[in-house]
Amino acid sequence: MIENLPVAANFNVKMQQLRSEVEELQSKVNEERLRYEEVTKRQGAGAGSTFFHTFQVHENFEYSAPLGAYNLTIELVIPIDFVVVQSQLPIRLMEVEKNASVVSEVRQDALNPWPLLASYRCQANVCRLELRVQANEGDSGVINLYVCPKIMPKCAQ
Numbered sequence: 001m002i003e004n005l006p007v008a009a010n011f012n013v014k015m016q017q018l019r020s021e022v023e024e025l026q027s028k029v030n031e032e033r034l035r036y037e038e039v040t041k042r043q044g045a046g047a048g049s050t051f052f053h054t055f056q057v058h059e060n061f062e063y064s065a066p067l068g069a070y071n072l073t074i075e076l077v078i079p080i081d082f083v084v085v086q087s088q089l090p091i092r093l094m095e096v097e098k099n100a101s102v103v104s105e106v107r108q109d110a111l112n113p114w115p116l117l118a119s120y121r122c123q124a125n126v127c128r129l130e131l132r133v134q135a136n137e138g139d140s141g142v143i144n145l146y147v148c149p150k151i152m153p154k155c156a157q
């Protein structure tokens with residue numbers, strides 16, 4: 001037991017160093033993100049020209065037989081601000097426990113021709129969002145997703 005004490009103490013010191021290094025890197029990333037937002041706000045307001053960013057959306061859409069639903073995973077390199085879902089089908093959104101997002105649904109009416117119109121507003125620094133949808137068997141149609149990252153100026157793909 002006494003022989004293991006220096007190893008355990010050394011391990012704890014190393015873990016503490018790594019934790020402080022991660023915290024320092026996170027604060028630097030947040031500072032740079034804020035600085036970038038300020039620069040893009042100033043350039044967009046004064047110059048009259050707007051620079052639209054391109055970003056790559058990684059998505060995976062697959063059927064899960066045990067759940068009887070489709071899983072859609074959306075992933076960006078930068079944090080996601082919100083996702084809008086439009087569907088020609090009367091699909092049902094199902095709860096996903098891992099999501100750090102707030103869902104708002106608007107049902108079809110005279111002002112909204114879509115059977116489903118929903119938005120997912122993500123919370124702080126979410127780069128991956130999972131959606132689960134359930135459709136009636138045999139139904140087919142189009143589902144549109146618009147992904148808006150947390151960048152300035154606002155844009156969507």
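In UniProt numbering, the protein residues as written are 1 to 157. Cβ coordinates follow ideal geometry from the N, Cα and C atoms, glycine included.
Secondary structure remark: continuous beta strand (DSSP E) runs of at least 3 residues inside the region 74-139, in chain order: 80-87, 92-94, 101-107, 116-122 and 128-134. Residue environment analysis places Leu131 among the buried positions, since at least 16 neighbouring C-beta atoms fall within 10 angstroms of its C-beta. Per DSSP, reduced to three states, the secondary structure at Leu25 is helical. Excluding the 5 residues flanking it on each side, Asn71 has same chain C-beta neighbours closer than 7 Å at Glu62, Ser64, Glu130 and Arg132, in chain order. Counting every other CB atom within 10 Å of its CB across the protein chains shown gives Pro149 a total of 16 or more, marking it as buried. Around the beta-carbon of Ala118, 16 or more other beta-carbon atoms lie within 10 Å, marking it buried. In this structure, the straight-line span from the alpha carbon of Ser27 to that of Asn112 is close to 42 Å.
Scanning its chain for C-beta atoms nearer than 6 Å, with the 5 sequence neighbours on each side dropped, one finds around Gln88 the residues Gly141 and Val142, in chain order. Taking a 10 Å sphere around the C-beta of Val29, we find fewer than 16 other C-beta atoms and assign the residue as exposed.
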